[in-house]
Amino acid sequence: MVLTMSTIPPDPTSKFRPGAKVAVIGAGISGVTAAAHLLRQGLQVTVYERSSIAGGVWHYDERTPEDPSYPSNTPSVGDYHLSTPGEFSYSTPPPDSLHQEDLESLPTKTDDALPVRFSPPGPCYAGLRNNVPTSLMVSVLDSWPAGTEEQTNQINLERYIQMISRNHGVDQVTRYDTRVDEVKKTDDGRRWSIRTITLDRRRGVPQLVERYEEFDGVVVASGHYNLPRIPDTPGLSEWKARFGERVMHSKQYRKAEKYMGKNILVVGAGVSSTDISRELGEVANKIYQSARGGLFDLPETLLPGIGERVGEVERYVIGDGHDGSGFGEGEHIPGMVVLKDGRELRDIDVVILATGYITSYPFLRQLHDDQISATEAGPEVLVTADGEMCHNLHKDIFYIPDPSLSFVGVPYHVATFSLFDFQSQIVARVFAGKAILPSEDEMRKEYEDRVREKGAGRSFHSLRNEGGEVRYVNNLVVWANRDAGRLGVELMQGHTQRWLDGQIAMKEKMKKLLEGDKEIANQVFVSGKKKAPLSVQEPATVVA
Numbered sequence: 257m258v259l260t261m262s263t264i265p266p267d268p269t270s271k272f273r274p275g276a277k278v279a280v281i282g283a284g285i286s287g288v289t290a291a292a293h294l295l296r297q298g299l300q301v302t303v304y305e306r307s308s309i310a311g312g313v314w315h316y317d318e319r320t321p322e323d324p325s326y327p328s329n330t331p332s333v334g335d336y337h338l339s340t341p342g343e344f345s346y347s348t349p350p351p352d353s354l355h356q357e358d359l360e361s362l363p364t365k366t367d368d369a370l371p372v373r374f375s376p377p378g379p380c381y382a383g384l385r386n387n388v389p390t391s392l393m394v395s396v397l398d399s400w401p402a403g404t405e406e407q408t409n410q411i412n413l414e415r416y417i418q419m420i421s422r423n424h425g426v427d428q429v430t431r432y433d434t435r436v437d438e439v440k441k442t443d444d445g446r447r448w449s450i451r452t453i454t455l456d457r458r459r460g461v462p463q464l465v466e467r468y469e470e471f472d473g474v475v476v477a478s479g480h481y482n483l484p485r486i487p488d489t490p491g492l493s494e495w496k497a498r499f500g501e502r503v504m505h506s507k508q509y510r511k512a513e514k515y516m517g518k519n520i521l522v523v524g525a526g527v528s529s530t531d532i533s534r535e536l537g538e539v540a541n542k543i544y545q546s547a548r549g550g551l552f553d554l555p556e557t558l559l560p561g562i563g564e565r566v567g568e569v570e571r572y573v574i575g576d577g578h579d580g581s582g583f584g585e586g587e588h589i590p591g592m593v594v595l596k597d598g599r600e601l602r603d604i605d606v607v608i609l610a611t612g613y614i615t616s617y618p619f620l621r622q623l624h625d626d627q628i629s630a631t632e633a634g635p636e637v638l639v640t641a642d643g644e645m646c647h648n649l650h651k652d653i654f655y656i657p658d659p660s661l662s663f664v665g666v667p668y669h670v671a672t673f674s675l676f677d678f679q680s681q682i683v684a685r686v687f688a689g690k691a692i693l694p695s696e697d698e699m700r701k702e703y704e705d706r707v708r709e710k711g712a713g714r715s716f717h718s719l720r721n722e723g724g725e726v727r728y729v730n731n732l733v734v735w736a737n738r739d740a741g742r743l744g745v746e747l748m749q750g751h752t753q754r755w756l757d758g759q760i761a762m763k764e765k766m767k768k769l770l771e772g773d774k775e776i777a778n779q780v781f782v783s784g785k786k787k788a789p790l791s792v793q794e795p796a797t798v799v800a
């Protein structure tokens, strides 16, 4: 079911004014910067974050998410159990007799299972570092602490996000441990109704509590890295069923030490695959990296010495007569991986699927259509069956049929912190009535022209092409400033010259990286040099 035009008010922008009530979904860098700029523009803001801490994908959690579906679920399903209205509702205050077993319908195996299923841990692994310099990954809201290196560990990146959140009042308006399960228009079509589920830990036993609230605008800042993309390769689901944690998605990868002396097949040849392969190269016996010749594959020369690039996987085969039991920790998986070039890999201990993620907004299920392809998307569909892009967004931000629904963080191949900050500034200005949206017809034409130029699919949101990110930001700045004088608001500033010079230098490095320059690879990736220590035992600052 798709949102119909009859549910949309004649002028959804009429509510754009200082004091309007706005919900932000997510407290990673995109959500925190969005909330901070909204607050600066005088809007009433509530941030919903399903975990207990700000930081998004840069928050390291020793726990791993539960296994995804093999193969992938459809995009509208998401990476968590989506509750039904009324499933976890009770009066306030709750009756003393209410216990977890009365509320919790999620199957659990351990005491930790409810929090994990409620808010699946993200993909951050212990050795994760930024591969875009911190001087480019910077928000206008706060500078990096003095002495921060250009490549740093995840804990410093997470702390930077949390610093912005503290310094700009975002923490005070964030509801942690609160997941958004449904976003839809109110019956009169004038506002957004948001249904949330909170994991309430205050009474000793965790309880799930449902609440409803209405808003004038919504900012979706929930990120890219939630629902793993699991390929429908013949035999893969059988391997997973038989061999359990020997088959995993990269979202579940945490530390290289676990794979000491193993032979590992890493499926995929993008940035995450290569970074993980280089980490594993310090401890593993052998690494096979399976590539299918994709547009964003990195060169084979960037693999560690024990790494070997192999072809695309055709199928996974279980050994004759093997029921999946009876082989020891030190033994290879009893089966073989057959590649499309006919080669057979028979010495695999672990398979890591670095196969990416599916675009998924399960709380906006009515805007998904799991039955059609990207090229068939109509004017109101947000996500199609492939889950490769967000449709019908003006400048990758505003939902064209109703721009009071906006998105921050959709583009990729960018300096994320910086670009998402610029997106946040334009959202805040528009929602406060301090920048004027084009007409729906103008937004529609611009979007359709872009679809014709780039094509629908995975590359649509990429700003990798020469000058793409700078042009994108310049367009936002020109738009924001077009009516600034008439509206009496300060001009929005674009990239500084220092940032532009730094990006040119980074692009030169990236060009050499894609040509297989190993010296540049050692600067960009974590292996080949001593890593900065990660205080993973240090207690995180959890905001209740």
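The sequence shown begins at 257 in my numbering and counts up by one.
Here a beta-carbon is modelled for each residue, glycine too, at the ideal position from N, C-alpha and C.
>> Within a Cβ cutoff of 8 angstroms, which residues of the same chain sit near Ile562, ignoring the five residues on either side of it in sequence?
In response: Within the sequence shown, numbered from 1, the residue matching residue 562 stands at position 306. Within the same chain, Ile562 has close Cβ partners Gly537, Ala540, Asn541, Lys542, Ile543.
> If you pair each beta-carbon of the stretch 660-670 with each one of the stretch 476-484, do three or more pairs fall below 8 angstroms?
Replying inline: They touch, by the three-pair rule.
> What are the start and end residues of each continuous beta strand (DSSP E) run of 3 or more residues lying completely inside the stretch 631-692, in chain order?
Replying inline: List check, beta strand (DSSP E) in window: 661-663.
>> Please report whether the beta-carbon of Asn412 lies at a distance below 8 angstroms from any beta-carbon of chain D.
In response: The structure shown contains no chain D; it is built from a single protein chain.
> Assuming Ile450 and Leu464 make a contact with CB atoms under 8 angstroms, what is their CB distance in whole Å?
Replying inline: Taking the sequence shown and counting its residues from 1, the one referred to as residue 450 is at position 194. Taking the sequence shown and counting its residues from 1, the one referred to as residue 464 is at position 208. Under the criterion of beta carbons closer than 8 angstroms, Ile450 and Leu464 do not qualify as touching, at roughly 16 angstroms.
> Hey, how far is the Cα of Phe673 from the Cα of Leu413?
Replying inline: Sequence index remark: in the sequence shown, residue 673 carries index 417 (1-based). Sequence index remark: in the sequence shown, residue 413 carries index 157 (1-based). Computed Cα separation, rounded: 10 angstroms.
> Buried or exposed: which applies to Leu551, given that a residue is buried once 16 or more other Cβ atoms fall within 10 Å of its Cβ?
Replying inline: Here the question's residue 551 lines up with position 295 in the sequence shown. Per the 10 Å Cβ criterion, exposed.
> From Leu559, Tyr515, Glu494, Val301, pick the residue whose C-alpha is nearest to that of Gly526; which is it?
Replying inline: Here residue 526 refers to the residue found at position 270 of the sequence shown. Out of Leu559, Tyr515, Glu494, Val301, Leu559 has the C-alpha closest to the C-alpha of Gly526.
>> Quick check on the burial criterion: 16 or more other C-beta atoms within 10 angstroms. Buried or exposed for Val734?
In response: Start at 1 with the first residue of the sequence shown, and residue 734 comes out as number 478. Exposure of Val734 is indicated by the presence of fewer than 16 other C-beta atoms within 10 angstroms of its C-beta.
> Can you tell which of Ser680, Tyr468, Thr302, Gln297 has its C-alpha closest to the C-alpha of Ala279?
Replying inline: Start at 1 with the first residue of the sequence shown, and residue 279 comes out as number 23. Of the listed residues, the one whose Cα sits closest to Ala279 is Thr302.
> What does a CB cutoff of less than 8 angstroms around Gly549 pick up in its chain, not counting 5 residues either side in sequence?
Replying inline: Residue 549 sits at position 293 when you count from the first residue of the sequence shown. Non-local C-beta neighbours of Gly549 in its own chain, meaning closer than 8 angstroms and more than five positions away in sequence, comprise Glu568, ordered along the chain.
> Which partner residues does Ser718 have in the DSSP bridge list?
Replying inline: Locating residue 718 in the sequence shown gives position 462, counting from the first residue. The partner list for Ser718 (beta bridge, DSSP) reads Tyr668.
>> Please report the straight-line C-alpha distance between Asn386 and Asp658, rounded to a whole angstrom.
In response: Translated into positions along the sequence shown, residue 386 becomes position 130. Translated into positions along the sequence shown, residue 658 becomes position 402. In this structure, the alpha-carbon of Asn386 lies about 35 angstroms from that of Asp658.
> Along the chain, which unbroken stretches of the beta strand (DSSP E) at least 3 residues long are found entirely within the stretch 285-333?
Replying inline: Within the stretch 285-333, the complete beta strand (DSSP E) runs of at least 3 residues are 300-304.
>> For the alpha helix (DSSP H) containing Ile628, name the first residue and the last one.
In response: Numbered from 1 along the sequence shown, position 372 holds the residue referred to as residue 628. Per DSSP, Ile628 belongs to no alpha helix (DSSP H) and is neither H nor E.
>> What does the Cβ neighbour count give for Tyr336, buried or exposed, with the cut at 16 atoms within 10 Å?
In response: Translated into the one-based positions of the sequence shown, residue 336 becomes position 80. Counting of Cβ neighbours within 10 angstroms places Tyr336 among the buried residues, the total reaching 16 or more.
> Which ranges does the alpha helix (DSSP H) cover as unbroken runs of at least 4 residues, wholly within the stretch 514-602, from first to last along the chain?
Replying inline: Within the stretch 514-602, the runs of alpha helix (DSSP H) that reach at least 4 residues and sit entirely inside it are, in chain order, 527-536.
> Does the stretch 400-407 come within contact of the stretch 487-498, defined as at least 3 CB pairs closer than 8 angstroms?
Replying inline: Taking a contact to require three or more Cβ pairs closer than 8 angstroms, the stretch 400-407 and the stretch 487-498 do not qualify as touching.
> Do Arg714 and Met766 have their CB atoms nearer than 8 angstroms?
Replying inline: Locating residue 714 in the sequence shown gives position 458, counting from the first residue. Locating residue 766 in the sequence shown gives position 510, counting from the first residue. Result no, Cβ atoms of Arg714 and Met766 do not sit closer than 8 angstroms.
>> I need the DSSP call for Val388, collapsed to helix, strand or coil.
In response: Counting from 1 along the sequence shown, the entry for residue 388 is found at position 132. If DSSP states are grouped into helix, strand and coil, Val388 belongs with coil.
> What three-state label does DSSP hand Lys365 in the structure shown?
Replying inline: Here residue 365 refers to the residue found at position 109 when the sequence shown is read from its first residue. Only weak support is given to the placement of Lys365: the predicted model assigns it a pLDDT of 42, under 50, and the value that follows is read from those uncertain coordinates. In this structure, Lys365 counts as coil in the three-state DSSP scheme.
> Among Glu469, Ala740, Arg435, His588, which residue has its Cα nearest to the Cα of Ala691?
Replying inline: Within the sequence shown, numbered from 1, the residue matching residue 691 stands at position 435. Nearest option by C-alpha distance: Ala740.
>> By the DSSP assignment, the alpha helix (DSSP H) with Thr707 in it spans what residues?
In response: Within the sequence shown, numbered from 1, the residue matching residue 707 stands at position 451. With the sequence shown as reference, residue 707 is identified as Val, and Thr is not the correct amino acid for it. Val707: member of the alpha helix (DSSP H) spanning 696-710, first to last residue.
>> So, with DSSP's three-state summary, where would you put Val780?
In response: Taking the first residue of the sequence shown as position 1, residue 780 is located at position 524. Val780 sits in a helix when the DSSP states are folded into three classes.
> Using the beta-carbon count (16 or more within 10 Å), is Pro274 buried or exposed?
Replying inline: Here residue 274 refers to the residue found at position 18 when the sequence shown is read from its first residue. With fewer than 16 other Cβ atoms within 10 Å, it is exposed.
>> Starting from Phe471, trace the beta strand (DSSP E) in both directions and tell me its first and last residue.
In response: Within the sequence shown, numbered from 1, the residue matching residue 471 stands at position 215. For Phe471, the uninterrupted beta strand (DSSP E) segment begins and ends at 463-471.
>> Check whether the stretch 313-321 and the stretch 601-613 touch, using three or more Cβ-Cβ pairs below 8 angstroms as the test.
In response: Contact between the stretch 313-321 and the stretch 601-613 is absent, because fewer than three Cβ pairs lie under 8 angstroms.
>> Could you check whether the stretch 682-699 touches the stretch 707-724, counting it as contact only if at least three pairs of C-beta atoms, one from each stretch, sit closer than 8 angstroms?
In response: Cβ pair count under 8 angstroms is below three, so no.
> Taking the C-alpha atoms as reference points, what is the distance between Met762 and Asp443?
Replying inline: The residue you call residue 762 lines up with position 506 of the sequence shown. The residue you call residue 443 lines up with position 187 of the sequence shown. Taken atom to atom, the span from the alpha-carbon of Met762 to that of Asp443 is near 50 angstroms.
> Taking C-alpha atoms, which residue in Thr530, Ile682, Pro389 lies nearest to Ala290?
Replying inline: Within the sequence shown, numbered from 1, the residue matching residue 290 stands at position 34. For Ala290, the nearest C-alpha among the options comes from Ile682.
> Run through DSSP, which three-state label would Asn409 get?
Replying inline: As a first step, residue 409 must be located in the sequence shown, where it is residue number 153. Reduced to three states, the DSSP call for Asn409 is strand.
> Helix, strand or coil: how does DSSP classify Leu770 here?
Replying inline: Taking the sequence shown and counting its residues from 1, one reaches residue 770 at position 514. The answer is helix: DSSP assigns Leu770 an H, G or I state.
> Quick one: Cα of Pro462 to Cα of Leu370, how far?
Replying inline: Walking along the sequence shown from the start, residue 462 turns up at place 206. Walking along the sequence shown from the start, residue 370 turns up at place 114. Going by the C-alpha atoms only, they are around 8 angstroms apart.
> Alpha carbon to alpha carbon, what distance is there between Gln759 and Trp448?
Replying inline: Locating residue 448 in the sequence shown gives position 192, counting from the first residue. Locating residue 759 in the sequence shown gives position 503, counting from the first residue. Their Cα atoms are separated by approximately 39 angstroms.
> Among Met504, Asn648, Gly383, Ala736, which has the Cα closest to the Cα of Glu746?
Replying inline: Taking the sequence shown and counting its residues from 1, one reaches residue 746 at position 490. Comparing Cα positions, the closest option is Ala736.
>> By alpha-carbon positions, which one of Ala512, Glu470, Val372 ends up nearest to Leu384?
In response: By 1-based counting over the sequence shown, the position of residue 384 is 128. Cα-wise, what sits closest to Leu384 is Ala512.
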